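Each remark here refers to the structure printed beneath this line.
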Amino acid sequence: MQVRVPTEKLGVFLTLINNRKVFLNSRVILAEDVTSNIKLAELEAKRISKTGENIEKLKTDKDKVKLSDENMGEGNQQKVASFEMTDQLKYSTVDIYIKEPKISIAAIPVTNSKNMDNKYKFNFFYDLKNAFVEGFYLIQKLTVGLVSNWPLILIGGVVFWIFRKRKSLVKLAK
């Protein structure tokens with residue numbers, strides 16, 4: 001869809017489209033800058049006037065009339081292009097490609113004050129399952145901790161064995 005909007009109202013128009021985005025799947029908005037075309041039109045007008053001056057310097061014959069006629073035609077085309085450029089500056093042309101979903105559903109959150117407590121209640125079975133899982137992970141961590149500290153456990157066991165052996169030897173000696 002192509003829309004022509006007054007340039008001073010373009011921002012308001014684009015904001016209006018953006019506010020309707022709840023009901024759109026996708027949108028593509030194309031806007032073209034025409035400032036470079038203005039400079040091109042000015043240069044073309046200068047070229048045509050320069051060509052007209054050069055044609056006037058020529059002697060009058062069939063070719064001069066033909067060249068003068070062609071130059072006037074180009075001048076007229078340039079004037080039309082200038083009018084179109086002025087129109088493009090006054091009115092922005094916006095190409096809009098909008099794709100709406102087949103079914104539009106707007107979800108508006110509404111506070112349910114009657115069951116507000118339910119939002120903060122715990123699910124017993126979910127917590128029970130998590131407790132079993134966390135307990136299993138705790139057993140795994142303890143087992144891994146004991147296995148990773150095996151040199152300390154071995155040294156502690158040897159010290160304990162020597163201490164008991166010495167204690168029993170001291171009792172026999174008395």
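Quick note on the UniProt record's numbering: the sequence shown kicks off at 1 and runs consecutively. Where a beta carbon is used, it is the ideal one built from N, C-alpha and C, also for glycine. As the structure is a prediction and not an experimental result, all values here were calculated from the model.
For residue j and residue i, the rounded distance between their alpha carbons
{"i": "Gly-156", "j": "Lys-129", "result": "38 Å"}
{"i": "Ile-48", "j": "Ile-103", "result": "58 Å"}
{"i": "Asp-169", "j": "Phe-163", "result": "According to the sequence provided, residue 169 is Leu. The question's Asp does not apply to it. Approximately 10 Å between the Cα atoms of the pair."}
{"i": "Lys-165", "j": "Lys-174", "result": "15 Å"}
{"i": "Glu-74", "j": "Leu-67", "result": "11 Å"}
{"i": "Thr-51", "j": "Thr-7", "result": "35 Å"}
{"i": "Gln-2", "j": "Ile-38", "result": "22 Å"}
{"i": "Lys-62", "j": "Glu-44", "result": "25 Å"}
{"i": "Phe-132", "j": "Ser-148", "result": "24 Å"}
{"i": "Ile-153", "j": "Leu-146", "result": "8 Å"}
{"i": "Met-85", "j": "Lys-57", "result": "32 Å"}
{"i": "Ala-81", "j": "Val-110", "result": "57 Å"}
{"i": "Val-144", "j": "Tyr-137", "result": "10 Å"}
{"i": "Val-5", "j": "Tyr-126", "result": "58 Å"}
Residue i - partner residues in DSSP beta bridges
{"i": "Val-159", "result": "DSSP output for Val-159 lists no bridge partner at all."}
heavy atom of the ligand FMN below 7 Å from residue i C-beta
{"i": "Asn-54", "result": "Judged by which ligands are present, the structure shown has none, so any question about the ligand FMN falls away."}
Which of helix, strand or coil DSSP assigns to residue i
{"i": "Val-5", "result": "strand"}
{"i": "Phe-122", "result": "coil"}
{"i": "Val-151", "result": "Per the sequence shown, the amino acid found at residue 151 is Pro instead of Val. Pro-151: helix per DSSP, three-state reduction."}
{"i": "Asp-61", "result": "coil"}
{"i": "Val-108", "result": "For the record, residue 108 in the displayed sequence is Ile; it is not Val. Coil at Ile-108, not helix or strand."}
{"i": "Lys-171", "result": "helix"}
Best match in the options for proximity to residue i [C-alpha to C-alpha]
{"i": "Val-12", "options": "Ile-38, Val-94, Asn-76 and Gln-88", "result": "Val-94"}
{"i": "Gln-78", "options": "Phe-132, Glu-42, Lys-50 and Val-3", "result": "Glu-42"}
{"i": "Asn-71", "options": "Leu-172, Lys-46, Gln-140 and Asn-18", "result": "Lys-46"}
8 Å Cβ cutoff, residue i in contact with chain C
{"i": "Thr-60", "result": "Structure shown: chain C not included; a single protein chain is present."}
Entirely within the region 64-106 and at least 3 residues each: give me those beta strand (DSSP E) ranges in chain order. 91-99
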